[in-house]
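Chains L and G are the protein sequences, given in the same order.
Using the numbering used here, you'd call the opening residue of the first sequence number 1 and step up by one each time.
Using the numbering used here, you'd call the opening residue of the second sequence number 309 and step up by one each time.
All residues carry an ideal CB built from backbone N, CA and C; glycine is no exception.
There are 2 protein chains.
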Amino acid sequence: MSDDIAARVKDALRDLSIHVEAFLASCMADRDIPDALRESMAYSLMAGGKRLRPCLCLAWAELCGLERARALPFAAAIECIHTYSLIHDDLPAMDDDDMRRGKPSNHKQFGEATAILAGDGLLTEAFLFMTRAQSEPAQVLEAVAVMARAAGAEGMVGGQVLDMEYTGRVLAEEGDPVTLDQLRTMHSMKTGALIRASCEAGAVLACSGGVQRRLAKEYGAHLGRAFQIVDDILDEVGDEKSLGKPVGSDRDKGKTTYVSLVGLERSRELAEEATQQALHALERLTGVEPDWVDFLRDLAQYVLIRAV
Amino acid sequence: MSDDIAARVKDALRDLSIHVEAFLASCMADRDIPDALRESMAYSLMAGGKRLRPCLCLAWAELCGLERARALPFAAAIECIHTYSLIHDDLPAMDDDDMRRGKPSNHKQFGEATAILAGDGLLTEAFLFMTRAQSEPAQVLEAVAVMARAAGAEGMVGGQVLDMEYTGRVLAEEGDPVTLDQLRTMHSMKTGALIRASCEAGAVLACSGGVQRRLAKEYGAHLGRAFQIVDDILDEVGDEKSLGKPVGSDRDKGKTTYVSLVGLERSRELAEEATQQALHALERLTGVEPDWVDFLRDLAQYVLIRAV
Numbered sequence: 001m002s003d004d005i006a007a008r009v010k011d012a013l014r015d016l017s018i019h020v021e022a023f024l025a026s027c028m029a030d031r032d033i034p035d036a037l038r039e040s041m042a043y044s045l046m047a048g049g050k051r052l053r054p055c056l057c058l059a060w061a062e063l064c065g066l067e068r069a070r071a072l073p074f075a076a077a078i079e080c081i082h083t084y085s086l087i088h089d090d091l092p093a094m095d096d097d098d099m100r101r102g103k104p105s106n107h108k109q110f111g112e113a114t115a116i117l118a119g120d121g122l123l124t125e126a127f128l129f130m131t132r133a134q135s136e137p138a139q140v141l142e143a144v145a146v147m148a149r150a151a152g153a154e155g156m157v158g159g160q161v162l163d164m165e166y167t168g169r170v171l172a173e174e175g176d177p178v179t180l181d182q183l184r185t186m187h188s189m190k191t192g193a194l195i196r197a198s199c200e201a202g203a204v205l206a207c208s209g210g211v212q213r214r215l216a217k218e219y220g221a222h223l224g225r226a227f228q229i230v231d232d233i234l235d236e237v238g239d240e241k242s243l244g245k246p247v248g249s250d251r252d253k254g255k256t257t258y259v260s261l262v263g264l265e266r267s268r269e270l271a272e273e274a275t276q277q278a279l280h281a282l283e284r285l286t287g288v289e290p291d292w293v294d295f296l297r298d299l300a301q302y303v304l305i306r307a308v
Numbered sequence: 309m310s311d312d313i314a315a316r317v318k319d320a321l322r323d324l325s326i327h328v329e330a331f332l333a334s335c336m337a338d339r340d341i342p343d344a345l346r347e348s349m350a351y352s353l354m355a356g357g358k359r360l361r362p363c364l365c366l367a368w369a370e371l372c373g374l375e376r377a378r379a380l381p382f383a384a385a386i387e388c389i390h391t392y393s394l395i396h397d398d399l400p401a402m403d404d405d406d407m408r409r410g411k412p413s414n415h416k417q418f419g420e421a422t423a424i425l426a427g428d429g430l431l432t433e434a435f436l437f438m439t440r441a442q443s444e445p446a447q448v449l450e451a452v453a454v455m456a457r458a459a460g461a462e463g464m465v466g467g468q469v470l471d472m473e474y475t476g477r478v479l480a481e482e483g484d485p486v487t488l489d490q491l492r493t494m495h496s497m498k499t500g501a502l503i504r505a506s507c508e509a510g511a512v513l514a515c516s517g518g519v520q521r522r523l524a525k526e527y528g529a530h531l532g533r534a535f536q537i538v539d540d541i542l543d544e545v546g547d548e549k550s551l552g553k554p555v556g557s558d559r560d561k562g563k564t565t566y567v568s569l570v571g572l573e574r575s576r577e578l579a580e581e582a583t584q585q586a587l588h589a590l591e592r593l594t595g596v597e598p599d600w601v602d603f604l605r606d607l608a609q610y611v612l613i614r615a616v
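Below is the structure:
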């Protein structure tokens, strides 16, 4: 049964991401961008990956009744934001990672200056693409605000600052150890906010009022938490090939993880709890496209399966 | 007479920038931003400067009939974008500048990682602030698009890539020398685009149709060019105190400048020409607030005065 879910989710993600990739590829063509910059942006943007965040946005938009094509520019923009964050996180001054998705990281391939600028370019282009979503202008604006809040100083960027701070503390063996609460807050900003906002923005674009928007946000928040805990588990017990990086590399870098704080078994329980809460949000949806509810349910279960 | 103009412009910029600074200060307060990040963002954002770009946006918005308070969040956002670009340009991998506006540059004060993230944070917050402009949602969205295009890979970020490429060529004494056309294109992207877009976005926010928007863009493009040529002239003949950096520092870094390409006298002529073209755009405006036309005329002349 878990094989069935995995197969269904992979198929659905592949179908959705074909549209996202086609949009991204067309966006980068026919533009007056200096060659070195275009190449560096495209290198990371078209490096594959599951395209989870844009697919979440599309799924929630369609679930709430907005045609896929109308939400597509916005969904593609989210992938640009995610990609920029990976490029900047890999920089020598940050996590100093030489490899990403089995290829040299952006700064290894193009140099540090170009990598910083490719990230800046992707982040800025993202907001251009968002304005091209086809919905009520007031709703598009609201979705832009949701995304900027999630990606900015109170969200993803702030989370990266906390991550660096906590890691520095561990490596220097100074200060108080990181608590579970701090770890949770850090992750809800660093990775959770963008996943949550991808769902919420989909609902907002589809002009969905209070309840659906709230449930999208709730589902996204719990899914994001499950996703992060599973990531920490896989860092300990995953295999190098599917991880795309050595096992235990987070631990070696001084990162505090769910596993290092509460152990493997309790981490699995926490991931299971978060997944149940995500599913609970879906159960409370009414009057929406049932196929998309099925997809989002499968997706939440799939995230958990990886950790078992 | 040129003393009168300078005094008037300085007064007007000071009056406008009080509002911008108050808005920026209030934006950074009461937010759930990690302390280290907030401090680093505020350090550069509140470091003074003429606030030229937000003042241009406010002036064009008011000139076209939109109340100042309604455009203020958008104008403040433009200053966030400008500030982020200075932080990233100063990084060791880029221009490697230790000082900015008479203080240690952001990475000197807070370290490279925090400086990169402060820049990322400011750029992202900028798009949040833009959504708070009070005008027709479709117009706000269009103004966001204007700004993203100007700040992104086809504009400011692309211009910085070209600047690095040209500088590298000069320092390595390799490849063809930079031509006047290339220099002009590079500057129109790196510094011109944001100045032009500040004017254009003001008109767009005020729901101004074809002609006013086109004249705003034209004025901004010529003003931006004059501004850059004068900058190059001052790098040769200015005094260190008002420049905030050593005389000739661009030349020493391998930057090609208008002066290095066409000499001091021809550079002054080019600056004069650009200023005349900016003034010509203003002359063709009809049915707008005359006080703001006067301000924009003074401003264009003031830019030029500095170079004489």
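Query	Result
Contained alpha helix (DSSP H) runs [length at least 4] in the segment 405-492 of chain G, N- to C-terminal order	414-418, 420-438, 445-459 and 464-480
Inter-stretch contact (C-beta, 8 Å, three-pair minimum) for the segment 516-533 of chain G and the segment 555-564 of chain G	no
Element boundaries [alpha helix (DSSP H), containing G:M336]	S310 to M336
Nearest-angstrom Cα separation, counted from G:E370 out to G:A377	10 Å
L:C207 vs L:Q139 beta-carbon contact at 8 Å	yes
Beta-carbon separation (whole angstroms), G:W368 vs G:A511, contact threshold 8 Å	5 Å
Given G:L502 as reference, the closest of G:R322, G:A383 and G:E444 once Cα atoms are compared	G:A383
Per-residue DSSP class, three states only, for L:G238	coil
Contact list for the segment 468-487 of chain G against chain L, Cβ threshold 8 Å	Q468, V469, L470, M472 and E473
Runs of alpha helix (DSSP H) lying entirely within the segment 187-220 of chain L, each at least 4 residues, in chain order	193-205
Backbone CA spacing between L:P54 and L:C199 [nearest angstrom]	9 Å
G:E462 to G:G427 span [Cα, whole Å]	19 Å
Where the segment 120-131 of chain L meets chain G: residues whose CB sits under 9 Å from a CB there	D120, G121, L122, L123, T124, E125, A126, F127, L128, F129, M130 and T131
Backbone CA spacing between G:H327 and G:L321 [nearest angstrom]	10 Å
Cβ contact check for the segment 264-282 of chain L and the segment 230-238 of chain L: 3 or more pairs under 8 Å	yes
Secondary structure of G:A383, DSSP reduced to three states	helix
Secondary structure of G:C372, DSSP reduced to three states	coil
Cβ-based burial, L:Q276 [other Cβ within 10 Å; buried from 16]	exposed
Where G:K525 falls, given that 16 or more other Cβ within 10 Å makes a residue buried	buried
Between the CA atoms of G:A582 and G:E591 - distance to the nearest angstrom	15 Å
Rounded straight-line distance, which links the Cα of G:H396 to that of G:Y474	18 Å
CB of L:A47 within 8 Å of CB of L:M28, strictly	no
Distance between L:P92 and L:A281 (C-alpha atoms, nearest Å)	40 Å
Residue range of the alpha helix (DSSP H) that includes L:P246	Note, L:P246: premise wrong, no alpha helix (DSSP H); not H, not E.
Contact list for L:L37 against chain G, beta-carbon separation under 8 Å	A461, V465, G466 and V469
Local Cβ density within 10 Å of G:M472, reported as buried at 16 or more and exposed below that	buried
L:Y302 versus G:L513 - alpha carbon distance	45 Å
Between the CA atoms of L:M189 and G:S568 - distance to the nearest angstrom	48 Å
The alpha helix (DSSP H) enclosing L:V288, as first and last residue numbers	Where L:V288 is concerned, there is no enclosing alpha helix (DSSP H), given that its DSSP letter is neither H nor E.
L:P137: contacting residues in chain G (beta-carbon distance under 8 Å)	E444, P445, A446, V448 and L449
Beta-carbon proximity check, L:Q212 vs L:C64, cutoff 8 Å	yes
Buried/exposed call for G:R409, threshold 16 Cβ in 10 Å	exposed
Contact with chain B by G:P342, beta-carbon distance below 8 Å	Included in the structure are the protein chains L and G, with no chain B among them.
Cross-chain neighbours of L:L91 in chain G, by beta carbon under 9 Å	A401, E420, A421 and I424
L:A47 in three-state terms, based on DSSP	coil
Chain L contacts from the segment 556-574 of chain G (Cβ-Cβ distance under 8 Å)	none
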